[in-house]
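Residue numbers (the working numbering): 984 to 1211. Built from N, CA and C at the ideal position, the CB exists for glycine as well. Being a predicted model, the structure only gives us computed values, none of them experimental. As structure tokens, the structure follows; a few thoughts come after it.
Following this line, the structure appears as structure tokens:
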């Protein structure tokens, strides 16, 4: 089996002779987890805006998105610098490349969270649709997936990383049900805008869940060296 390229493995590797590289990768992992915490916060706020109809928090989302984007650019630069300055081994290079892909997934989840907050503002004048409770469940599942993927990264937990798939299946099934409800609705009174907005919202949530699944896959790759 592929020897893990994780921080734990780097520190414990008996033939390791480059402590500076180990420190840089540890710092990189910490920065990714800090970025992940901001993305989680952004997701929670967008959930509150959309389902609790609390628009007072919407203005916080762009500020969070700026911080997330700064982390994203900083981490990409750090990854590039490590590759240039340290000429990492193949194993370490795989770890760093997985980090670079992983932060793109985090950045996209942050983008979708901001999109959800904008949808919440546009939906506010309308009465809540009957499918809102199921959409809220989708959102909670996607948030749980994000939390699980970040926990798997922090603990380098292959089992936790692979467990995300079952929740992703639940989100996909909910997406299909809600989409069918919206697409086949006949008793539309007034504007169709809320239906269109809800269709956009469930699409955002479905994509957020997909990106959380990707993060889990990348963590599993870091641990095992095998792509799934």
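Locate the alpha helix (DSSP H) running through residue 1169, then write down its first and last residues.
Element bounds for residue 1169: n/a, residue is neither H nor E.
Which word fits residue 1103, buried or exposed, when buried means at least 16 other C-beta atoms lie within 10 angstroms of its C-beta?
buried
I need the boundaries of the alpha helix (DSSP H) containing residue 1213, first residue and last residue.
Summary: the structure shown does not reach residue 1213, with the chain confined to residues 984 through 1211, and so no result is reported for it.
How many angstroms separate the CA atom of residue 1143 from the CA atom of residue 1088?
18 Å
Under 7 Å between C-beta atoms of residue 1154 and residue 1192
In this structure, residue 1154 sits near residue 1192, with a CB-CB distance shorter than 7 Å.
7 Å Cβ cutoff met for residue 1019 and residue 1048:
no
Should residue 1050 and residue 1068 be called a contact, given that it needs their Cβ atoms to be closer than 7 Å?
Going by C-beta atoms, residue 1050 is not nearer than 7 Å to residue 1068.
So, are the CB atoms of residue 1081 and residue 1158 less than 7 Å apart?
no
If contact is defined by three or more beta carbon pairs under 8 Å, each pair taking one atom from either stretch, is the segment 1102–1116 in contact with the segment 1035–1044?
Yes, the segment 1035–1044 touches the segment 1102–1116.
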